[in-house]
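Below is one structure, written out as structure tokens, with a few remarks after it.
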Amino acid sequence: MEKAYQPKEVEDRLYEAWEKEGSFRGKADPDKPAYSIVIPPPNVTGVLTMGHVLNNTIQDLLARRARQKGFGVLWLPGTDHAGIATQTKVEQQLRAEGKSKLELGREGFIEHAKQWRDKHGGIILKQLRKLGCSCDWERTVHTLDPGYSRAVLEAFVRLFENGYVYRGKRMVNWCPASLTALSDEEVVMKPQSGKLYKVRYELIDSPGEYLLVSTTRPETIMGDVALAIHPQDERWPSLQGRKVRRPLQPAEIPIIADRAVDKNFGTGMLKITPAHDRLDFEIGQRHELPVIDLFNPDGTLNESAGPEFCGLDRFDARSKSVEKLRSQGDLLEEENHDNNVGFSERADVPIEPRLSEQWFLRYPRVEEAKRAVEDGFIRYFPDRWSKTYLHWLDNIQDWCISRQLWWGHRIPVWYRKGRSRSDPRNWHVSVDGPSDPENWEQDEDVLDTWASSWLWPIATLGWPDDLMMKEQGLDYFYPTSALVTGPDIIFFWVARMIMAGLEFRGDSIDAKTTLTDEQIRRRIPFRDVYFTGIIRDAKGRKMSKSLGNSPDPLDLIDKYGADGLRHGIMSIAPKGQDIRFSEERIEQGRNFCNKLWNVSRFRRMADEEGVASESTLESIIQRMDSKHLKQDDHAILLRLVQTLDEASRLYDEYEFNATLQSIYRFFWNDLCDWYVENSKARMREGEGKDTCLAVVDLCLRQVLLLLHPVTPFITEELWKVLGYSEGRSIQWTNPGSGKELLAALESWEIRPDPSALEEMLAIRELVTSLRALKAERNLATNNKVEFFYLASDEKSKLLDRYRSSVLNSVGAGSLNRVQEAPAGMPALVTAFGSVYLDLASALDPNAERDRLSKELDHLDRIISSIESKLRNVAFTQKAPAQVVEGAKRQLSNNLAKKREIEEALAALPR
RNA sequence: GGACGGCUAGCUCAGUUGGUUAGAGCGACUGGUUUACACCCAGUAGGUCACAGGUUCGAGUCCUGUGCCGUCCACCA
């Protein structure tokens, strides 16, 4: 074995072997309980980020643990076509080649995009293999696959038939960069510091008299169709019904009154531009006002804006309109003003409210979606996200699902040629289209990407095709067991998947009929949802490409190994809290693997032949001879039992960083630093050698099993190297519970002594104190140091049993009992008693006095606090007896310590 | 304007239902290469648990308020 663990060769070799053996294949096996996860499909053209590493490590961990526990496991991978994102990329690349999508035409563009996707896409899936992800790659799904596409269209048609989908002319969020409508969720509000302009409008019937209006968007004045005041605004009792002159594109427009106007904002007077503001549009509807659309789709102004403005970009138009108003004397004031502006999430440009005809979805099963989470059919980890989820559902708005793009699922609606598209009588809605296609033309738009990915858990398992569902094992794997994703897509994806599952799984149920509990239980797409945190850099900033603060996971794998990366990331990932990334933690993950490697190496060096045999749990236990079991053996076995239970509990609670901490403590502190260190002599020779090695084997074997979900490669490798494999991969062996281990030990007449743990802790504290006495005086290399101790008979007896191992681990010549504090020796007071270092020379009495005085002060503070507590009648009467007893014991211990320190102090030479 | 999360050692974080003297890793400092591991071992220093009240015999932990940091939701021109 190499001196240091070399992950590269091991990882590639093992991954290949696992794939070849079909370890990851998800098969419906009626003899096993099912465990399934569907991957949150990354963008097909995406590359692996630290976020993916976190997310997918957790999923892999869950899948691998389930495999160990004997479940029929499926982790289903795939990619998302990512409509806008991909189309934008392809267009950019075309532009770089000097081509445009219009030249290619729809068919040509899609063909081109597909080629581009096939060439550059799917990289991320290869990268996930490097991470060790145990996905069933044979079942990889892409959202534009024929089967999946059919599911998307089928869902649309069913929703249409059930009255959930409708077409309407409405205000939508328009992205002038991507030239498409967006859903409300794709708009992010950003605070902007802009200007608030005060503009005057002249009253027609009273020339020279003006009304003042505050606006942030002077470039839309040409589209004003009215001014509005609040009906109860007593400042202007008689304005209603009169008219003003619009200062740009002059025209006479009426003054109206509407409750939606805020009397207290600006001048209390609102200009109404129905085509370019949501509120204005609503007011316009109420008052039957006309709509003047000033903008082209790309955000430039059109003819309605007048010749001066036509063709200008909206922001140029803004400055130009300000200039013009100023020159006309209509601009009275200009002040700084901070407000929130909606930006397109993808293109990062301000969105434009725009009136257009689009397809909308009224969400199905909203009430049941709430119940599913409220009543615990679906559990959120951490639970607090359920509040965010429920709040969104309470205020849910219809979903604009049509996108003016080419890359995606084309809406399965056909319009009769030459007839009005607004009239449903001219529509044909079906998956396969009309039988006389020559008389129809298909809707040009595609569906929002999320209107395909919301079917992910059900459509990847074959829905809606009966045969496919059977083949893919939908009945077996659905509902999936866990979903691992970020809280940022709780609305985009999680909530919508729940509604889709409730609506589409099983028989179609009338919209008016509420689902029963049993139906909800069967239809939900997943049972547990684990929300990860967001990975931030060391300064707490979000990782992003533009900041360049995101390390490349593949570089990290190269440097620290996939296991190191996985271990590192899992050790810093508290449940649902944001994560500060630091490469040091990944380094620690690598170090951990190396430690595991080296202790295994040491184990082999102790007895190469013993390792060669295929050792099962039973055969390891049978190598233990209870005659040769020492207290240290009992103690480490008890710690192993504890750790098995603790780690298992923490795994089940999704507390992965705590899980690793628990395993770490056992493995590093208890096993390596204490047990192995103290057993080196036994491991080499003598009667107890076999027993001792068997204990080490048992501990190592269980540690490997516990760690396998987190660090699959090194554990599999050592599993074989150490001879625990019985020819089988570690993947299929369950670490088992502490209770099961105890039972196995018991069947071989091994019953760990419960008092051994406590003894070990006491001895460890003693050893630490003795080491400290030496270390503080730089005596680390001196093995002949003599110690004395002052302690009770009982403690003295205990020490006699451990003396040699204590001397050995401290590196000391002797440790003898005295009846009173020896003069002039540095001392430490432990739970065990006082220990003294015999050091005639090189002692600085003053330094020693300082140290002891400090200790004494500290003790005095503790003692007086306990005393006052015990003097308090309320405490002694109300606190539970054991707490009071504990305090008393604590007091007497500390008083004893104090006496001993005082003695030691008195014994110091002046 | 609402809602949620965070504030504990220089840094990153643990701290289960209130109960003996608040922990770990990293970093700092001291010492160590007797054949598992310097990706290691031994040890030391370092904390008014953000602040202010309250409940309680007892508060890092529960309640109220304040501050700062972060996230989400919200049509104020």
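To convert, take the position in the first sequence, counting from 1, and add 256; that gives this note's numbering.
Ideal placement from N, C-alpha and C gives every residue a C-beta, glycine not left out.
When secondary structure is reduced to three states using DSSP, Cys955 falls in the helix class. As a beta-bridge residue in DSSP terms, Trp696 pairs with Arg672. The DSSP-derived three-state label of His486 is coil. By the neighbour-count definition (other C-beta atoms within 10 Å, threshold 16), Ser904 is a buried residue.
Per DSSP, Phe748 lies in no beta strand (DSSP E) and is assigned neither H nor E. Distance from the CA of Asn854 to the CA of Ile970, rounded to the nearest whole angstrom, comes to 12 Å.
Classified as exposed, Ala1137 has fewer than 16 neighbouring CB atoms from the shown chains inside 10 Å of its CB. DSSP lists Ile835 as the beta-bridge partner residues of Ile791.
Judged by DSSP in its simplified three-state form, Met1016 adopts helix. Two segments are said to touch when three or more pairs of C-beta atoms, one from each, lie closer than 8 Å; by this definition the segment 554-572 does not touch the segment 408-425. Between Gly524 and His486 a beta carbon distance of about 7 Å is seen, short of the 8 Å cut, so the two are scored as contacting.
Buried is the label assigned to Thr736, since at least 16 other Cβ atoms lie within 10 Å of its Cβ. DSSP, read as helix, strand or coil, puts Asp721 in coil. Exclusion of the five residues before and after Asp834 leaves Gly789, Ile790 and Arg792 as the residues of its chain whose Cβ lies within less than 7 Å of its Cβ. Distance check between Leu550 and each of Asn592, Glu608, Leu821 and Arg1027 places Glu608 closest, using alpha-carbon atoms only.
Of all alpha-carbon atoms in Trp492, Glu458 and Tyr931, the one lying nearest the alpha-carbon of Leu504 is that of Glu458. Residue pairing by DSSP places Leu1084 opposite Val1091 in a beta bridge. According to the DSSP assignment, Gly598 belongs to the beta strand (DSSP E) that extends over Leu587 to Ser600. If you draw a straight line from the Cα of Ile1157 to the Cα of Asp1009, it is about 34 Å long.
Residue burial annotation: Leu1017 is exposed, with fewer than 16 other C-beta atoms found within 10 angstroms of its C-beta. By the Cβ-count criterion, Ser292 is buried, with 16 or more other Cβ atoms from all chains shown falling within 10 Å of its own Cβ. Taking the C-beta atoms as reference points, Leu1126 is found no nearer than 8 Å to Asn1150.
In the DSSP secondary-structure assignment, Arg659 is bridged to Val702. Going by beta carbons, Ser612 and Ala437 fall inside the 8 Å limit.
DSSP places Gln371 within a helical segment (H, G or I) once states are collapsed to three. Per DSSP, Leu381 is one residue of the alpha helix (DSSP H) stretching across Ile379 to Leu387.
DSSP places Met826 in the uninterrupted alpha helix (DSSP H) bounded by Pro809 to Ser827. In the DSSP secondary-structure assignment, Ser449 is bridged to Asp594. For the 8 Å CB-CB criterion, Ala369 and Val346 form a contact. Given a length threshold of 3 residues, the segment 333-359 has no whole run of the beta strand (DSSP E) inside it. Proximity of the segment 295-305 to the segment 330-347 meets the contact definition, three or more beta-carbon pairs being nearer than 8 Å.
Non-local beta-carbon contacts of Cys955 in its own chain, meaning distances under 7 Å to residues more than five positions away in sequence, involve Ile892, Leu896 and Leu927 in chain order.
By the Cβ criterion, the segment 961-969 is in contact with the segment 307-322, since at least three pairs of Cβ atoms, one from each stretch, lie closer than 8 Å. Contact between Arg841 and Gly817 does not hold, since their C-beta atoms are separated by about 14 Å, which reaches or exceeds 8 Å. In the DSSP assignment, His398 forms a beta bridge with Thr335. Only exposed fits Pro680, as fewer than 16 other CB atoms lie within 10 angstroms of its CB.
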